[in-house]
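Visitor:
Number of protein chains: 2
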Amino acid sequence: MLTIGQLASYAGVTVRTVRHYHAKGLLPEPERDRSGYRRYGAAAVVDLVRIRTLADAGVPLSRVRELLAADDEEFGAAVEDIDRRLLAEIRERQAHRERIAQLAAGDSLALPPEVVAYVDRMRELGFGERLVEIERDSWILIAAQMPEQVGPWMAMKQAQLEDESLRRLYLDVGDLVDCGPDDPRLPALADRVAAFIEAATAAAEGAEEEHPVNDDLVALLDAAFVESFPGAVRMLELLEQRGWTGWTNIRRRTPAAGASAPPAGC
Amino acid sequence: MLTIGQLASYAGVTVRTVRHYHAKGLLPEPERDRSGYRRYGAAAVVDLVRIRTLADAGVPLSRVRELLAADDEEFGAAVEDIDRRLLAEIRERQAHRERIAQLAAGDSLALPPEVVAYVDRMRELGFGERLVEIERDSWILIAAQMPEQVGPWMAMKQAQLEDESLRRLYLDVGDLVDCGPDDPRLPALADRVAAFIEAATAAAEGAEEEHPVNDDLVALLDAAFVESFPGAVRMLELLEQRGWTGWTNIRRRTPAAGASAPPAGC
DNA sequence: CTTGACCTTGACGTCGGGTCAGGGTTGCAG
DNA sequence: CTGCAACCCTGACCCGACGTCAAGGTCAAG
Chain A
1 MLTIGQLASY AGVTVRTVRH YHAKGLLPEP ERDRSGYRRY GAAAVVDLVR IRTLADAGVP
61 LSRVRELLAA DDEEFGAAVE DIDRRLLAEI RERQAHRERI AQLAAGDSLA LPPEVVAYVD
121 RMRELGFGER LVEIERDSWI LIAAQMPEQV GPWMAMKQAQ LEDESLRRLY LDVGDLVDCG
181 PDDPRLPALA DRVAAFIEAA TAAAEGAEEE HPVNDDLVAL LDAAFVESFP GAVRMLELLE
241 QRGWTGWTNI RRRTPAAGAS APPAGC
Chain B
1001 MLTIGQLASY AGVTVRTVRH YHAKGLLPEP ERDRSGYRRY GAAAVVDLVR IRTLADAGVP
1061 LSRVRELLAA DDEEFGAAVE DIDRRLLAEI RERQAHRERI AQLAAGDSLA LPPEVVAYVD
1121 RMRELGFGER LVEIERDSWI LIAAQMPEQV GPWMAMKQAQ LEDESLRRLY LDVGDLVDCG
1181 PDDPRLPALA DRVAAFIEAA TAAAEGAEEE HPVNDDLVAL LDAAFVESFP GAVRMLELLE
1241 QRGWTGWTNI RRRTPAAGAS APPAGC
């Protein structure tokens, strides 16, 4: 007669595993000797090896019992089922590998390549690191919410970056990072932003909404803007005085205005 | 300001997940409003998306924190590490798929093809189903303990099965399944077994031990023999009287005997 | 007799959350 | 004003397949 340790060693498992199978009802509890030790016969080794054979093939223990008792047809169906699960798990891991390889290649995390190129270009053009990070975070939010919109929207932003006068405006807006709510530069900056939006709106006259942006996302991006720039609230007030409301998706303050401007910045 | 539900929805996760990340220290606990609700800013959405990006790439949560804070070099090393783990898990699943496909094809479980052929041949030759199952279980034990020995040993057994007189002996030994300890057929059967072993031992004179079988395995197989056949104990006694001891690896009873016989049966 | 290796039961930890239970809060409609 | 639904809170248990103590009893050898 075998002790639990001998049984386990014959089957190449741990003692704990054998007891686990007892608790799960996979392996019947054997007789005990007078001191309470479990005593097994050779048949238990066969049972245990059979269980391990299935378990080693990736069969969940909860299904092992049915498989041990199954006829050929049931067995085949169960095997097919388990194979599907294994295949799904493999594919999941493969997708994980691809994603993590992309992460290792990109700037920070989870950004599509266009965005990486964009923030790199910002650095080249002398935008401050803090500003670049804020911009990047905004694009993380956008990519999480509307990944399919990132491409076209990004193309527009990249073009704007290459426009010299617009770039100077952006660089100055970037100084909002440093300036408090009462900074004397703010009113003039608001004037320039308003003038640009005015022109952009006129140019887009009659055109359809280019980027149908979710209102929730716009609100979130505006909130991010306010959180990141100490002067942002003041800037929004100044724009409000000049007839504009919002930031990410800036619009005329009058409710009658139907046309909307393209997003101004993030 | 966002509630936990809004935050979760922006990041595409459940509320429970956000709280889980708080508990794990991955995401800082935000301020509470006067009724105890958590209130988040837009930055929390960015943090959460970053965490999910890593988690979705298969990074264990326990490593997410270090990766979020890692520089490029550390990040690359960690990614490599995680990729290795993913690859190992994929290979594990692939091995599982192969094994389970083999199981679906074979007789019962986990037997190498030679053994499947052997037990099929036994059925063809008229061995009783009970006996065949006992034989198969014995081979499960052998294959679990010494898989590399199964091939050569099996070849010998298959040859024995095709020897007419030997086959008759086997068939009669198989009747042990039915006969009790006092069955009148037993002494004559013991004589025949002893005669065969005598001849086999003489033929193998001077030859080296063909199959170096683990003593523990022999004991286990003998135990399985005794458990399966009610007349087995008596048979062993009768063989003992005739100068032989054991069954699986039967040997002369005298301790001086150096030569050993090939395994007689299972 | 001691020592160390074995056995017993019981309970907690792993990983990433899902799913109650039991109660308080908010916001909107009637 | 009052429902009511939808949200929020904490705390707790659940899954799988065991690993890992803890605290104590048993066995074989020196």
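Line by line, the protein sequences are chains A and B.
Letter 178 of the first sequence, counting from 1, is numbered 178 in this note's numbering, and no numbers are missing.
Counting the second sequence from 1 gives a position; this note's numbering is that position plus 1000.
We put the CB at the ideal spot given by N, CA and C, even for glycine.
#1: Strictly under 8 Å for the Cβ-Cβ distance: is B/F1075 near chain A by that measure?
#2: Short of 7 Å in beta carbon distance, which residues of its chain neighbour B/K1157, apart from the five on each side in sequence? Order them along the chain.
#3: Between B/G1265 and B/E1135, what straight-line distance do the alpha-carbon atoms span, to the nearest angstrom?
#4: If contact means a Cβ-Cβ distance below 8 Å, which residues of the segment 185 to 218 of chain A contact chain B?
#5: May I ask you to list the residues that DSSP assigns as paired with A/W244?
#6: Quick check on the burial criterion: 16 or more other C-beta atoms within 10 angstroms. Buried or exposed for A/L125?
#7: Beta carbons nearer than 8 Å to chain B: which residues of the segment 127 to 142 of chain A have them?
#8: Evaluate A/D120 with the Cβ neighbour count: other Cβ atoms within 10 Å of its Cβ, from every protein chain shown; 16 or more gives buried, anything less gives exposed.
#9: Mind listing the chain A neighbours of B/A1011? Cutoff is C-beta to C-beta under 7 Å, in chain order.
#10: Shorter than 8 Å from the beta carbon of A/G269 to some beta carbon of chain B?
#11: Starting from the beta carbon of A/D56, find every residue of chain B whose beta carbon is closer than 7 Å, and list them in chain order.
#12: Spell out whether any CB of chain A is found under 8 Å from the CB atom of B/D1083.
#13: I'd like to know whether the C-beta of A/V269 is nearer than 8 Å to at least one C-beta of chain B.
#14: By DSSP's criteria, A/L2 is part of a beta bridge. Which residues make up the other side?
#15: First and last residue of the alpha helix (DSSP H) that includes B/G1076?
#16: Taking DSSP's pairing of strands, which residues face B/R1032 in a bridge?
#17: Taking buried to mean at least 16 other C-beta atoms within 10 Å of its own C-beta, is B/R1016 buried or exposed?
#18: On the premise that B/V1018 lies in contact with B/L1002, defined as a C-beta separation below 8 Å, what is that separation, rounded to the nearest angstrom?
#19: Name the chain A residues that come within less than 7 Å of B/I1090, Cβ to Cβ?
#20: Which first and last residues belong to the alpha helix (DSSP H) in which B/G1174 is found?
#21: Are A/T201 and A/F225 close, meaning C-beta to C-beta below 8 Å?
#22: Taking CB distances under 8 Å as the criterion, tell me whether A/V46 reaches chain B.
#23: Please classify B/T1298: is it buried, with 16 or more other beta-carbons within 10 angstroms of its beta-carbon, or exposed?
#24: Can you name, in chain order, every residue of its own chain whose Cβ lies under 8 Å from the Cβ of A/R123, other than the five neighbours on each side?
#25: Within 8 Å of any Cβ in chain B, is that where the Cβ of A/L61 sits?
#26: DSSP three-state call for B/V1218: helix, strand or coil?
#27: Nearest to B/Y1040 by CA position, among A/Q149, A/L220 and A/A55, is which residue?
#28: Which stretch, first to last residue, makes up the alpha helix (DSSP H) that contains A/M122?
#29: Could you check if B/R1231 is buried or exposed, using at least 16 other CB atoms within 10 Å of its CB as the buried criterion?
#30: What number of angstroms, rounded off, separates the C-alpha of A/D72 from the C-alpha of B/E1227?
#31: Quick one: what does DSSP say A/P262 is sitting in, helix, strand or coil?
#32: Going along chain B, which residues have a C-beta under 7 Å from A/E227?
#33: I'd like the span of the alpha helix (DSSP H) that includes B/A1204, first residue to last.
#34: Any Cβ of chain B within less than 8 Å of the Cβ of A/V79?
#35: Hey, could you find the ends of the alpha helix (DSSP H) A/L270 is sitting in?
#36: Taking 8 Å as the cut-off, decide whether the C-beta atoms of A/M235 and A/L161 are in contact.
Guide: Reading it off the structure:
#1: yes
#2: Y1118
#3: Residue placement at B/G1265 is flagged as unreliable, the pLDDT there being 49, under the threshold of 50; the coordinate-derived value follows with that caveat. C-alpha separation (whole angstroms): 9 Å.
#4: So the list reads D216, given in the order they occur along the chain.
#5: Its beta-bridge partners are A/R252.
#6: exposed
#7: D137, I140 and L141
#8: Exposed, because fewer than 16 other Cβ atoms sit within 10 Å of the Cβ of A/D120.
#9: Per Cβ cutoff of 7 Å: A144.
#10: Coverage of chain A is limited to positions 1 through 266, which leaves residue 269 of chain A absent and any answer about it impossible.
#11: R1099
#12: Closer than 8 Å: yes.
#13: With chain A running from 1 to 266 in the structure shown, residue 269 of chain A is simply not present.
#14: A/Y40
#15: D1072 to A1105
#16: The partner list for B/R1032 (beta bridge, DSSP) reads B/R1038.
#17: exposed
#18: B/L1002 to B/V1018, Cβ: 11 Å. No contact.
#19: I90, R93 and Q94
#20: From DSSP, the alpha helix (DSSP H) with B/G1174 extends over E1164 to G1174.
#21: no
#22: yes
#23: No answer is possible for residue 1298 of chain B: it lies beyond the span of chain B, which begins at 1001 and ends at 1266.
#24: E129 and V132
#25: no
#26: helix
#27: A/L220
#28: P113 to E124
#29: Before going on, a small fix: residue 1231 of chain B reads as Gly here, not Arg. By the 16-neighbour rule on beta-carbons within 10 angstroms, B/G1231 is buried.
#30: 28 Å
#31: Because A/P262 carries a pLDDT of 46, less than 50, the predicted location of this residue cannot be relied on, and the following value inherits that uncertainty. Note: A/P262 maps to coil in three-state DSSP.
#32: Here the neighbours are G1041, A1042 and A1043.
#33: Here B/A1204 belongs to no alpha helix (DSSP H), and DSSP marks it neither H nor E.
#34: yes
#35: Any question about residue 270 of chain A goes unanswered here, given that chain A covers just 1 to 266.
#36: Result no, Cβ atoms of A/M235 and A/L161 do not sit closer than 8 Å.
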